[in-house]
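Note that my numbering has the sequence shown beginning at 92, numbered continuously upward. Cβ atoms here follow ideal geometry from the backbone N, Cα and C, with glycine treated the same way.
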Amino acid sequence: MLISSIFNGKNKKRIILLPHNNPDGDALGSSLALLFYLRELKHNVDLISPTKYSEFFQWLPGIEEVIVLSEETQFLIKKKFINSDYIFLIDFNNLSRVKKLKDFLSYSKAKKILIDHHPFPFNFDFMLSDSTVSATSILVFRLISKMNHLNKIDKKIATCLYVGLMTDTGFFRFPSVTSETHFIAGKLIEKGINIVEIYDRLQEKYNKNKLKLLSKALKRLKIIKKYRTVYTSINSNDIRNYSYNSGDTEGIITYGLGIKNIVFSVFFFEEKEKYPIKVSFRSKGNFDVGLFSKKHFEGGGHKNAAGGTLEKNLNETIKYFLKIIPNYYMDLMFSI
Ligand SMILES: [Mn+2]
C-alpha cells in the first residue's frame with residue numbers, strides 16, 4: 092500500500108488534514124481522530140478547515156487545534172500546503188467543497204489521500220473511498236484497524252469517531268447502518284467513552300434563533316399527499332430576522348419524513364438574497380434523491396440524502412420542483 096509508510100512510524104511526515112467546508116460531526120470527528128492518531132505516530136500534523144465550524148462542536152476533544160482559513164491565517168496555511176508531504180481529503184468527494192483552499196491544493200506537490208464515503212469521487216493519488224459505509228469515521232476506524240493499531244485508539248480518538256458515527260447515521264437509524272457500524276460503536280465504547288454525555292452534547296442543538304427558524308419552516312410545511320412529498324423553505328427575510336448562523340437550518344428537512352406515508356422531503360433555502368437557491372432532499376425507501384438531484388438540481392449525493400442548487404429565485408425554484416414531481420408518481424408510490 093502506497094500510504095502504509097505513513098503508518099509504520101519510520102519516517103516523520105508533514106501532513107495536512109482537510110475536512111469539507113462547514114464541517115459536520117463526521118468530517119470533524121474523522122479529522123480530529125486522525126489528528127490524534129497521526130501525532131501519536133510522531134508526524135507533524137495540521138488540521139485545516141476551509142470555513143468556520145459550528146459552535147455546536149466546541150466541546151470536541153482537540154477542536155482548539157483546528158486552523159480555520161481566514162485573512163489572518165491564509166499565509167500560514169499556504170506555506171503549510173506548499174511544505175506538506177501528504178494531504179488527507181476527509182469526508183468529501185469534490186474539490187468545490189474546500190472553497191478557496193482548492194487553489195492552495197493545486198500549488199501543493201503533496202500526495203493527496205481521499206478518505207470518504209460519498210459516491211462518484213474525484214480521483215486522487217490514493218483513494219480510501221467506499222460509498223456503502225454510513226460515515227467516514229468508519230473508514231478511519233478500518234484504516235487504524237488494518238494497521239494493527241487499535242491499541243492506539245484512546246478515549247479522545249474513540250469519542251471523535253463515535254461522534255462521526257452518531258451524526259452521520261442519525262443516531263444509528265439510517266439505512267446505511269450495518270452490523271459493522273454497531274461493531275465499531277462497540278469497540279469505541281470499550282475505550283471508555285461516555286455515550287450518554289456525547290448523546291446529550293449532540294442533542295443540545297437549539298438556540299433561540301434556531302428554534303424560531305425551525306418553527307417558521309414547520310408553519311410553511313406543505314404536504315402533497317398524492318406524491319407522498321413534503322416541502323418547506325427558509326428565505327432571506329427569516330435569516331435576517333433570526334440572525335442566522337451557519338448550520339441553523341440543519342435538521343429542518345428531517346421533520347417532514349416523520350409523517351406517515353411520506354417518503355420524500357424537500358427543503359428550499361434562500362441563504363442570500365440572490366441565486367442560487369440551495370435545495371436539500373431526503374427520502375425513505377427506494378426513491379433515489381441522489382439521482383433526482385443530479386438530474387434536476389445540478390447536485391448529487393446518496394440514495395436517501397442529497398443536495399443541489401438552482402439558478403432561479405425561491406418562488407421559481409419551488410414552481411420548477413412542483414412541475415417535475417408528477418413525473419415521479421410511480422417511483423414515489425412504490426418507494427416503500
Ligand atoms: Mn460523512
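When you compare the CB positions of Phe360 and Lys369, do they come within less than 9 Å of one another, or not? In the sequence shown, residue 360 corresponds to position 269, counting from 1. In the sequence shown, residue 369 corresponds to position 278, counting from 1. Yes, the pair counts as a contact, with Cβ atoms nearer than the cut-off.
Name the DSSP beta bridge partners of Asn135, please? Taking the first residue of the sequence shown as 1, we reach residue 135 at position 44. Paired residue(s): Arg105.
Cβ of Pro367 within 9 Å of Cβ of Thr340? Here residue 367 is taken as the residue at index 276 of the sequence shown, counted from 1. Here residue 340 is taken as the residue at index 249 of the sequence shown, counted from 1. No, these two residues do not count as a Cβ contact at 9 Å.
Which residue marks the beginning of the alpha helix (DSSP H) containing Lys247, and which one marks its end? As a working note, residue 247 is residue 156 in the sequence shown. Looking at the DSSP string, the run of the alpha helix (DSSP H) that includes Lys247 is 246-259.
Could you name the residues of the same chain whose beta carbon sits closer than 7 Å to that of Ile94, not counting the 5 residues immediately before and after it, in chain order? As a working note, residue 94 is residue 3 in the sequence shown. Non-local beta-carbon contacts of Ile94 in its own chain, meaning distances under 7 Å to residues more than five positions away in sequence, involve Ile204, Phe217 in chain order.
Which two residues bound the contiguous beta strand (DSSP E) that contains Ala201? Here the question's residue 201 lines up with position 110 in the sequence shown. From DSSP, Ala201 is part of no beta strand (DSSP E); its letter is neither H nor E.
How is the beta strand (DSSP E) around Thr400 delimited, first residue to last? In the sequence shown, the residue the question calls residue 400 occupies position 309. Looking at the DSSP string, the run of the beta strand (DSSP E) that includes Thr400 is 396-401.
Give me the Cβ distance between Ile168 and Phe127, rounded to the nearest whole Å; I'm assuming they're in contact under 8 Å. Looking up residue 168 in the sequence shown gives position 77. Looking up residue 127 in the sequence shown gives position 36. In fact, because the Cβ distance is near 21 Å, the residues do not count as touching under 8 Å.
According to DSSP, what are the bridge partners of Thr323? Translated into positions along the sequence shown, residue 323 becomes position 232. Phe358, per the DSSP bridge assignment.
Have a look at Leu119 and Ser267 and give me their C-alpha separation to the nearest angstrom. As a first step, residue 119 is located in the sequence shown; it is residue number 28 there, counting from the start. As a first step, residue 267 is located in the sequence shown; it is residue number 176 there, counting from the start. About 20 Å.
Using the three-state DSSP reduction, which class does Leu151 fall into: helix, strand or coil? Reading the sequence shown from its first residue, position 60 is the one you call residue 151. Reduced to three states, the DSSP call for Leu151 is coil.
Who's in the neighbourhood of ligand 1, going by beta-carbon under 5 Å from any heavy atom, listed in chain order? Spelled out in chain order, the answer is Asp117, Asp182, Thr227, Asp259.
Please name the residue or residues paired with Val159 in a DSSP beta bridge. As a first step, residue 159 is located in the sequence shown; it is residue number 68 there, counting from the start. Answer is Ser140.
Please report how far the alpha carbon of Leu405 lies from the alpha carbon of Lys278, in whole angstroms. The residue labelled residue 405 in the question sits at position 314 within the sequence shown. The residue labelled residue 278 in the question sits at position 187 within the sequence shown. Cα to Cα, Leu405 sits roughly 46 Å from Lys278.
Who pairs with Lys351 in a beta bridge, going by DSSP? Looking up residue 351 in the sequence shown gives position 260. Its beta-bridge partners do not exist; DSSP assigns none.
Kindly identify the DSSP beta-bridge partner or partners of Pro417. Mapped onto the sequence shown, residue 417 falls at position 326. Paired residue(s): none; Pro417 is not in a bridge.
Measure the C-alpha to C-alpha separation of Lys248 and Leu241 and round it to an integer number of angstroms. The residue you call residue 248 lines up with position 157 of the sequence shown. The residue you call residue 241 lines up with position 150 of the sequence shown. Residue 248 is actually Ile in this sequence, not Lys. Their backbone Cα atoms lie some 11 Å apart in a straight line.
May I ask you to list the residues that DSSP assigns as paired with Gly376? Residue 376 sits at position 285 when you count from the first residue of the sequence shown. The partner list for Gly376 (beta bridge, DSSP) is empty, contrary to what the question assumes.
Rounding to the nearest angstrom, what Cα-Cα distance links Arg233 and Lys246 in this structure? In the sequence shown, residue 233 corresponds to position 142, counting from 1. In the sequence shown, residue 246 corresponds to position 155, counting from 1. Whole-angstrom Cα-Cα distance: 17 Å.
Using a Cβ distance threshold of 8 Å, determine whether the stretch 328-348 contacts the stretch 137-145, with at least three qualifying pairs required. yes
Whole-angstrom distance between Gly381 and Tyr419, CA atom to CA atom: One-based indexing of the sequence shown puts residue 419 at position 328. One-based indexing of the sequence shown puts residue 381 at position 290. Cα to Cα, Tyr419 sits roughly 14 Å from Gly381.
On a CA-only basis, which of Gly392, Lys365, Glu362, Lys363 is nearest Phe372? Give me that one, please. The residue given as residue 372 occupies position 281 in the sequence shown. Measuring from the Cα of Phe372, the nearest candidate turns out to be Gly392.
Name the residue from Phe172, Asp207, His208, Lys191 whose alpha carbon lies nearest to the alpha carbon of Ser199. Residue 199 sits at position 108 when you count from the first residue of the sequence shown. Ranking the options by Cα distance to Ser199, first place goes to Phe172.
What residue range is occupied by the uninterrupted beta strand (DSSP E) comprising Ile178? The sequence position of residue 178 within the sequence shown is 87, counting from 1. Unbroken beta strand (DSSP E) run through Ile178: 177-181.
Looking at Ser482: is its Cβ nearer than 9 Å to the Cβ of Val157? This structure cannot settle anything about residue 482, because the visible part of the chain is limited to 92 through 427.
Candidates Gly347, Thr272, Cys251: which alpha carbon is nearest Thr260's? What you label residue 260 is simply residue 169 of the sequence shown in a count that begins at 1. Nearest C-alpha to Thr260 among Gly347, Thr272, Cys251: Thr272.
Could you compute how far the alpha carbon of Ser324 sits from the alpha carbon of Leu309? Translated into positions along the sequence shown, residue 324 becomes position 233. Translated into positions along the sequence shown, residue 309 becomes position 218. Their backbone Cα atoms lie some 9 Å apart in a straight line.
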